[in-house]
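The structure appears below as structure tokens.
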Amino acid sequence: MSPVSEQETPTGATRGLILGIETSCDETAAAVVAFGEDVLSSVVSSQVDLHARFGGVVPEIASRAHLELLIPVVAQAMVEAGVSGADLDAVAVTHGPGLIGALLVGLSGAKGLALAWDLPLIGVNHLEAHLYAAQLEHGRIAFPQMVLLVSGGHTQLVAVAAPGEYELVGGTVDDAAGEAFDKVARFLGLGYPGGPAIEEIARSGDPQAIDFPRAMVHSGFDFSFSGLKTAVINHVRRYPEAATEDVAASFQAAAVDVLALKLERAAAEYDVASVALAGGVAANTPLRQRVALDAELAGLGCSLPGRTYCTDNAAMVAAAGWHRFRSDGPSGLDLPAVPGLRLPV
Ligand code: KG4
Ligand code: ZN
Numbered sequence: 002m003s004p005v006s007e008q009e010t011p012t013g014a015t016r017g018l019i020l021g022i023e024t025s026c027d028e029t030a031a032a033v034v035a036f037g038e039d040v041l042s043s044v045v046s047s048q049v050d051l052h053a054r055f056g057g058v059v060p061e062i063a064s065r066a067h068l069e070l071l072i073p074v075v076a077q078a079m080v081e082a083g084v085s086g087a088d089l090d091a092v093a094v095t096h097g098p099g100l101i102g103a104l105l106v107g108l109s110g111a112k113g114l115a116l117a118w119d120l121p122l123i124g125v126n127h128l129e130a131h132l133y134a135a136q137l138e139h140g141r142i143a144f145p146q147m148v149l150l151v152s153g154g155h156t157q158l159v160a161v162a163a164p165g166e167y168e169l170v171g172g173t174v175d176d177a178a179g180e181a182f183d184k185v186a187r188f189l190g191l192g193y194p195g196g197p198a199i200e201e202i203a204r205s206g207d208p209q210a211i212d213f214p215r216a217m218v219h220s221g222f223d224f225s226f227s228g229l230k231t232a233v234i235n236h237v238r239r240y241p242e243a244a245t246e247d248v249a250a251s252f253q254a255a256a257v258d259v260l261a262l263k264l265e266r267a268a269a270e271y272d273v274a275s276v277a278l279a280g281g282v283a284a285n286t287p288l289r290q291r292v293a294l295d296a297e298l299a300g301l302g303c304s305l306p307g308r309t310y311c312t313d314n315a316a317m318v319a320a321a322g323w324h325r326f327r328s329d330g331p332s333g334l335d336l337p338a339v340p341g342l343r344l345p346v
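Going by my numbering, the letters in the sequence shown line up with residues 2 to 346, in that order.
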């Protein structure tokens with residue numbers, strides 16, 4: 002099917018309204034977004050409490066919770082936006098990457114709704130959706146842009162020449178940044194998810210108390226966080242009396258240092274007009290402050306999505322879906338869930 006423009010939509014609806022659905026990990030989310038920018042509703046039901054006692058996401062529990070929550074969450078998003086199925090232009094849904102069972106629940110639900118409402122289906126790449134999160138609040142963005150995408154499953158530097166045109170500049174060779182926060186937090190007995198817990202306790206610690214390693218900081222654009230995690234574990238085993246606040250603050254300082262320095266170097270090398278943060282770790286205050294300051298000093302624009310749009314949500318899925326719909330048209334109803342889906346570079 003040929004791509005569609007803002008004016009002509011296949012269903013005859015003219016409000017540019019996309020229902021977005023996200024179930025790739027442990028958030029069940031639905032949102033209604035107009036023209037890829039204007040958020041009419043965004044509902045996120047977090048399963049954090051269900052998984053917390055296991056110290057991480059349990060895939061089977063996630064799938065079952067998505068099954069229970071999906072329809073109520075979609076209904077709430079529709080009610081809050083004041084729309085019915087007839088008002089929508091399409092249903093966009095994350096079809097990868099993520100947990101296979103979790104993805105299948107959202108994808109099957111979206112297919113059912115698209116069929117019932119006679120709407121096009123749009124498959125969305127979860128990573129691409131994170132890249133669109135900044136646009137939800139910043140509107141027009143200065144391109145080319147260097148985005149640091151840091152979540153529980155991914156750590157990537159992505160050069161965005163224009164919306165939908167990506168070049169993968171660097172990635173992690175072992176743990177993702179969020180994974181490092183989660184594993185260190187678990188080791189320190191701070192609970193799950195680890196990122197917010199570390200940020201909280203680090204506020205009363207000294208970030209310079211322990212000089213943890215900044216791996217690969219001056220070479221290339223790839224990241225490695227597994228050595229940092231091991232260094233934290235070794236330090237605590239060797240100095241059990243070390244204050245947890247200081248360990249957390251020093252770990253966070255090392256992680257932020259590496260992330261910000263690589264983003265800064267990549268932005269200079271690719272001569273971009275702006276930088277952006279995306280993904281759950283982008284909610285981290287020290288990282289946000291550091292990246293904003295570096296960008297200001299370098300004379301670059303800086304897009305920092307609000308915290309609610311950093312972590313998994315469906316507004317970013319609807320926004321990415323709107324752009325994919327316009328460039329590629331709808332997906333087939335045989336669209337598969339793809340747990341290892343990569344960015345369309
Ligand atoms: O993007 P996201 O919600 O889910 C994935 O697609 O992975 O990211 C979740 C990750 C978790 O590892 C969590 O610990 C981390 O983001 N995170 C943070 C903060 N809030 C969430 N990391 C550091 N500081 C935070 N404030
Ligand atoms: Zn995510």
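Positions of the beta carbon are idealized from the N, C-alpha and C atoms, including for glycine. Predicted model, so just to flag it, every value in this text is computed and none were measured.
- With fewer than 16 other beta carbons inside 10 angstroms of its own, Ser328 counts as exposed.
- Between Gly302 and Ser275, the CB-CB gap stays under 8 Å.
- Residues with their Cβ less than 5 Å from any non-hydrogen atom of the ligand ZN, running along the chain, are Ser152 and Asp313.
- Put simply, the backbone Cα of Thr309 is about 12 Å away from that of Ser46.
- In the structure shown, Met147 adopts extended strand secondary structure according to DSSP, grouped into three states.
- A direct Cα-Cα distance of roughly 47 Å separates Met217 from Glu81.
- Proximity of the region 111 to 118 to the region 28 to 41 falls short of the contact definition, fewer than three beta-carbon pairs being nearer than 8 Å.
- Between the C-alpha atoms of Gly206 and Gly192 there is a straight-line separation of about 18 Å.
- The three-state secondary structure of Ser251, taken from DSSP, is helix.
- Of all alpha-carbon atoms in Arg54, Val174 and Gly154, the one lying nearest the alpha-carbon of His131 is that of Gly154.
- Fewer than three beta-carbon pairs drawn from the region 284 to 298 and the region 153 to 171 are found closer than 8 Å, and the two stretches are therefore not classed as touching.
- Rounded to the nearest whole angstrom, the CA to CA distance from Ala210 to Thr156 is 26 Å.
- The ligand KG4 has a heavy atom closer than 7 Å to the beta-carbon of Pro194.
- By the neighbour-count criterion, in which 16 or more other beta carbons inside 10 Å mark a residue as buried, Tyr133 falls on the buried side.
- Counting other Cβ atoms within 10 Å of its Cβ, Thr29 reaches 16 or more and is therefore classed as buried.
- Per the C-alpha coordinates, the member of Thr312, Ser304, Val318 and Ile62 positioned closest to Pro197 is Thr312.
- Ranked by Cα distance from Leu334, the first of Glu61, Gly110 and His52 is Gly110.
- Judged by DSSP in its simplified three-state form, Val34 adopts strand.
- Closest in C-alpha terms to Leu89, from the list Gly281, Arg141 and Asp119, comes Asp119.
- Exclusion of the five residues before and after Val92 leaves Leu20, Ala111, Leu114, Ala115, Leu120 and Leu122 as the residues of its chain whose Cβ lies within less than 6 Å of its Cβ.
- If only uninterrupted beta strand (DSSP E) runs of at least 3 residues are considered, those enclosed by the region 260 to 346 are 275 to 279 and 302 to 304.
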